[in-house]
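Visitor: Take 771 as the starting number for the sequence shown in the numbering used here and just add one per residue.
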Amino acid sequence: MELTLLNFSKRINSTKKPTAEQLAAGKVFQNLTLKQLTNIDNPNLLLAGAKENDYKYNYAYVKEWDRYYHIKTSDLRHEDIYTARLELDDLATFKDDILSTSAYIVYASTGFNRWIRDDRVPLVIKDSEILTAYSNPIVGGASLFDASSDETVILSCQSKGSYPGGGGLTHWIMSESDISRITGCVYDAQGIWDSLQKQFGDAMGAIVSVIRLPINANAITSDGPYIFYLSDYQPVDAQGNPYSFKIVSNSHISASGDVSLPVSYTDFRFTEPYTQCKISLPFIGVTDISISDFAPTGQVNYKIDIDVLTGSIIYTLYNTGLARPVASFSGQCGNNIPIVSSQIQNAASIVSGFVGGAASLGMSLLSGNPIPAVVGGIGSIANAFYASNQKTNSVIGSYSGGRSEFANTAVRLISQKFQTANEPSNLTDFEGRPVCKVDALTNYTGFVKTQGFSIDIAANSDVIKSINSKLDAGIYIE
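#1: Taking the C-alpha atoms as reference points, what is the distance between L869 and I1237?
#2: Just to confirm, are Q1221 and V876 a CB contact at a threshold of 8 Å?
#3: One question on the structure: do Q1186 and L893 come within less than 8 Å of each other, judged by their Cβ atoms?
#4: For F1047, which residues in the same chain have their Cβ closer than 6 Å to its Cβ, ignoring the five residues on either side in sequence?
#5: In three-state terms, what does DSSP make of I1054?
#6: Below 7 Å CB to CB, which residues in the same chain sit around T1067 once its five sequence neighbours on both sides are set aside?
#7: Which runs of the alpha helix (DSSP H) at least 4 residues long sit entirely within the stretch 806–878? Give them in chain order.
#8: In chain order, what residues of the same chain have a beta carbon less than 6 Å from the beta carbon of T863, not counting five sequence neighbours either side?
#9: Since L1079 and I924 should fall inside the 8 Å C-beta cutoff, what is the C-beta to C-beta distance between them, to a whole number of angstroms?
#10: In angstroms with no decimal places, state the Cα-to-Cα distance between N801 and Y852.
#11: Quick check: the Cα distance between N1106 and S1082, rounded to an integer number of angstroms?
#12: Out of curiosity, what's the CA-to-CA distance linking I810 and S784?
#13: In angstroms with no decimal places, state the Cα-to-Cα distance between D1199 and I1247.
#14: Roughly how many angstroms separate the alpha carbons of I985 and L1000, rounded to a whole number?
#15: Along the chain, where does the beta strand (DSSP E) containing V1233 start, and where does it finish?
#16: If you draw a straight line from the C-alpha of I886 to the C-alpha of V1205, how long is it?
#17: Residue range of the alpha helix (DSSP H) that L793 falls in?
#18: Using the C-alpha atoms, what's the distance from E899 back to R1203?
#19: Hey, A873 and F1223 are a contact pair by Cβ (cut 8 Å); roughly how many whole angstroms apart?
#20: Where do the ends of the beta strand (DSSP E) carrying P1095 lie?
#21: Output the distance between the C-alpha atoms of S945 and A987, rounded to the nearest integer angstrom.
#22: Going by DSSP in three states, R887 sits in which element: helix, strand or coil?
#23: So I981 and Y996 are supposed to be a Cβ contact under 8 Å. How far apart are they, rounded?
#24: Cβ atoms of A912 and A989: under 8 Å apart, would you say?
#25: Thinking C-alpha only, which one of R781, T871, S879 is nearest H840?
#26: Quick one: residues in its chain with C-beta nearer than 7 Å to the C-beta of N883, no 5 flanking neighbours on either side, listed in chain order?
#27: Just to confirm, is the Cβ distance from P1005 to I943 under 8 Å?
#28: Thinking C-beta only, is F1217 closer than 8 Å to A830?
#29: Classify Q1160: buried if its beta carbon has 16 or more other beta carbons within 10 angstroms, exposed otherwise.
#30: Could you check which residue in K826, L807, F1064 has the C-alpha nearest to that of F778?
#31: Within 10 Å of its beta-carbon, does P1052 have 16 or more other beta-carbons around it, so buried, or fewer, so exposed?
#32: What would DSSP say about L802, mapped onto helix, strand or coil?
#33: Assign A1228 to buried or exposed, taking buried as 16 or more other Cβ atoms, counted over all protein chains shown, within 10 Å of its Cβ.
#34: Rounded C-beta distance between D948 and F1015? I'm assuming under 8 Å.
#35: Mark A976 as exposed unless 16 or more other C-beta atoms lie within 10 angstroms of its C-beta, in which case mark it buried.
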């Protein structure tokens, strides 16, 4: 029997074993004969002819048994007698059998799946940092939400005129200052003729809705400008010039963009290095998103759809360009503006105070429609005028929906990064990263941890149990 003693450095939970060169450099005892029975897994050796330094060896190999041993204790006795108690290095001895075994691998320092999240590393909350990324959607070369202080207004009303939609419901694009001037014309009864024209031209009943949109008016598809009408009534400015505005030709606005994820792939958890990520959407607010939904491309793609006639807005978030929708959010970006007819009572009194029945019989509006005879004269006209305004125009609209605090704000990602207690890259070789699949161990090097490992070898049950428990605790394949 041949025994080789050597000094060999290795981790206890490692499959590493001496190379042929290292064995050749060791001290070899040949032609040894067993004098009595011994356990080959944990033999006790008594050798004659040992030298003074032989007790310094820490590793042994028995060629005939093809087994490697750790030398647990050794003594050099008198007359060159050397004693040593050996313990089987089962991971080195059965290395080939271990590598050829397939098992469920939980963690490994190589061959891991970078898309599986790993939360084993403690986080240091006090060292967290907030990262943000911005994206401003562009429509027609201008920022969609880059609205001026004088916000865009869509006034929908019955209008006559020579333009698309003329004679029906028309949607005019104005500013807030424009709407103030228009409504001022309607409710400012400076003269009886103008007042009656508004009444019988149904100017005050023509307005259907007024929507304020904190978006860029240039983003709205439009035609014109055209002369503005409220039903048959044509408001004019102080110099008598008619107002002209553009009209909505397509009520749908669509915009798209993307925001890059501030993801650091040096983080131990790899795909979700941030404990949380939120997205701020103008007119919607802030909502949580899962970074793993967008990690493959590293960016959040979004599409915005707005109906300018109602102020409704829909965001759709995508992964991989605009190919796969991940989430959608809806809300209101427009506000119904209340128009209060503060001048109605005054206008009615002006009409009531008009004297001269002959005038009422001969009056006609610019539209050419004669005023019918009214029993009771001008007083009845005033009553009809007042009732009409109470019915349709005392208040149009109300404040509701999203407000403009989100205007002039881009789509924004808000990510909170928590630092780890140790540099993540330092931990890979010691704890591995998630694998979570069945595979042969021969495909891995370095740290490997299994679950339910079971090896089939020609060894006693204690050795088999020892190997199985070590694999489930984690070993180093070297």
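The beta carbon of each residue, even a glycine, is placed where N, CA and C say it ideally should be.
Being a predicted model, the structure only gives us computed values, none of them experimental.
Guide: Reading from the atomic positions:
#1: Roughly 12 Å between the two C-alpha positions.
#2: Yes.
#3: The Cβ-Cβ distance between Q1186 and L893 does not fall below 8 Å.
#4: The question names Phe, but residue 1047 is Cys in the sequence shown. Same-chain partners within the cutoff: I1059, I1061, S1185.
#5: Of the three classes helix, strand and coil, the one that applies to I1054 here is coil, per DSSP.
#6: N1089, T1090.
#7: Secondary structure remark: continuous alpha helix (DSSP H) runs of at least 4 residues inside the stretch 806–878, in chain order: 860–863, 865–869.
#8: So the qualifying residues of the chain are R837, Y838.
#9: With a Cβ gap of about 6 Å, L1079 and I924 count as contacting.
#10: Rounded to whole angstroms, the gap between the alpha carbons of N801 and Y852 is 16 Å.
#11: When rounded, the distance between both Cα atoms is 12 Å.
#12: In a straight line, the C-alpha of I810 is about 21 Å away from that of S784.
#13: Using only the alpha carbons, I get a separation of about 11 Å.
#14: If I take the Cα positions, the gap works out to 25 Å.
#15: Run containing V1233: none in the beta strand (DSSP E); it sits in the alpha helix (DSSP H), 1231–1243.
#16: Here the alpha carbons of V1205 and I886 stand approximately 8 Å from one another.
#17: It spans 790–794 - the alpha helix (DSSP H) in which L793 sits, taken as one unbroken run.
#18: One C-alpha to the other measures close to 24 Å.
#19: Going by Cβ atoms, the distance from A873 to F1223 rounds to 5 Å, so yes, they are a contact pair.
#20: Segment 1094–1102, the beta strand (DSSP E) holding P1095.
#21: Cα to Cα, S945 sits roughly 9 Å from A987.
#22: Annotated three-state conformation of R887 is coil, per DSSP.
#23: The beta carbons of I981 and Y996 sit about 19 Å from each other, so the pair does not count as a contact at 8 Å.
#24: Contact: yes.
#25: Ranked by how close their Cα comes to the Cα of H840, the residues R781, T871, S879 have R781 in first place.
#26: Taken in chain order, the residues that qualify are P1204, V1205, C1206.
#27: Not a contact, by the Cβ cut-off of 8 Å.
#28: Against a cut-off of 8 Å, the Cβ pair of F1217 and A830 comes out as no contact.
#29: Low confidence applies here, because Q1160 scores a pLDDT of 36, under 50, leaving its location unreliable; read the following figure in that light. By the neighbour-count rule (16 or more Cβ atoms within 10 Å), Q1160 is not buried but exposed.
#30: Answer by Cα proximity: K826.
#31: Buried is the label assigned to P1052, since at least 16 other Cβ atoms lie within 10 Å of its Cβ.
#32: Coil.
#33: By the 16-neighbour rule on beta-carbons within 10 angstroms, A1228 is exposed.
#34: Contact between D948 and F1015 holds: their C-beta atoms lie close to 7 Å from each other, under 8 Å.
#35: Buried.
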